[in-house]
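J.: Take a look at the following structure, please.
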Amino acid sequence: MATTTTWSVTEMTRIEADGGVVKAYWNLSAVADDDTTVKQYGKNIFTYDASDSDYIAYDDLTEADVLGWIWEANKEGEETAEEYKARIEADRVSYAEQEKEEKSVRLNGVPW
39 MATTTTWSVT EMTRIEADGG VVKAYWNLSA VADDDTTVKQ YGKNIFTYDA
89 SDSDYIAYDD LTEADVLGWI WEANKEGEET AEEYKARIEA DRVSYAEQEK
139 EEKSVRLNGV PW
């Protein structure tokens with residue numbers, strides 16, 4: 039079984055008057071087949087214009103909408119949001135696999 043990744047938005051801050059989201063907290067979990075888990079956490083700050091045609095009212099937002107904003111906000115250089123997502127997922131999967139491998143040769147305990 040392969041290592042799986044899961045993105046989630048864990049908290050958001052919005053402006054009461056118009057529901058515009060100004061901050062989102064997120065995490066990415068990578069879980070190997072032996073349940074070895076690595077996580078990456080982050081937060082992003084957003085600006086918005088409630089009169090913009092792309093504006094989404096708070097009550098109409100989906101987690102996918104907000105994750106799209108996060109991926110877009112964190113991309114580097116000419117990278118696309120999808121490339122950012124794939125790069126970070128690959129990094130976490132690699133780290134989970136490395137942790138899994140190291141765990142297989144490490145032992146805990148005391149000699150007495």
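Letter 36 of the sequence shown, counting from 1, is numbered 74 in this note's numbering, and no numbers are missing. A virtual CB, placed ideally from N, CA and C, is assigned to each residue, including glycine.
Could you say which of Y96, R144 and K113 lies nearest to E49 if we only look at CA atoms?
T.: To locate residue 49, count along the sequence shown from 1; it is residue 11. The shortest Cα separation from E49 among Y96, R144 and K113 belongs to Y96.
J.: For the beta strand (DSSP E) that K77 lies in, which residues bound it at each end?
T.: Your numbering for residue 77 matches position 39 in the sequence shown. It spans T75 to I83 - the beta strand (DSSP E) in which K77 sits, taken as one unbroken run.
J.: Residue ranges of each alpha helix (DSSP H) run of no fewer than 4 residues wholly in the stretch 95-136, ordered along the chain?
T.: Those alpha helix (DSSP H) runs which fall completely within the stretch 95-136 and span 4+ residues are 101-112.
J.: Check for me: the beta strand (DSSP E) holding Y63 runs from which residue to which?
T.: Reading the sequence shown from its first residue, position 25 is the one you call residue 63. Unbroken beta strand (DSSP E) run through Y63: V59 to V69.
J.: Does the Cβ-Cβ distance between V148 and T41 come in under 7 Å?
T.: For the purposes of this step, residue 148 is taken as the residue at position 110 of the sequence shown. For the purposes of this step, residue 41 is taken as the residue at position 3 of the sequence shown. No, the Cβ-Cβ distance between V148 and T41 is not below 7 Å.
J.: Specify, as a first and last residue, the run of the beta strand (DSSP E) that R52 falls within.
T.: Position 14 of the sequence shown, counted from the first residue, corresponds to residue 52. First-last of the beta strand (DSSP E) with R52: T42 to R52.
J.: For E127 and S91, I'd like the C-alpha separation in whole angstroms.
T.: Working through the sequence shown from its first residue, we reach residue 127 at position 89. Working through the sequence shown from its first residue, we reach residue 91 at position 53. The alpha-carbon atoms of E127 and S91 are separated by roughly 31 Å.
J.: Can you list, in chain order, the residues of its chain whose CB lies under 7 Å from that of E117, leaving out five sequence neighbours each side?
T.: Translated into positions along the sequence shown, residue 117 becomes position 79. Excluding positions up to five away in sequence, the list is empty.
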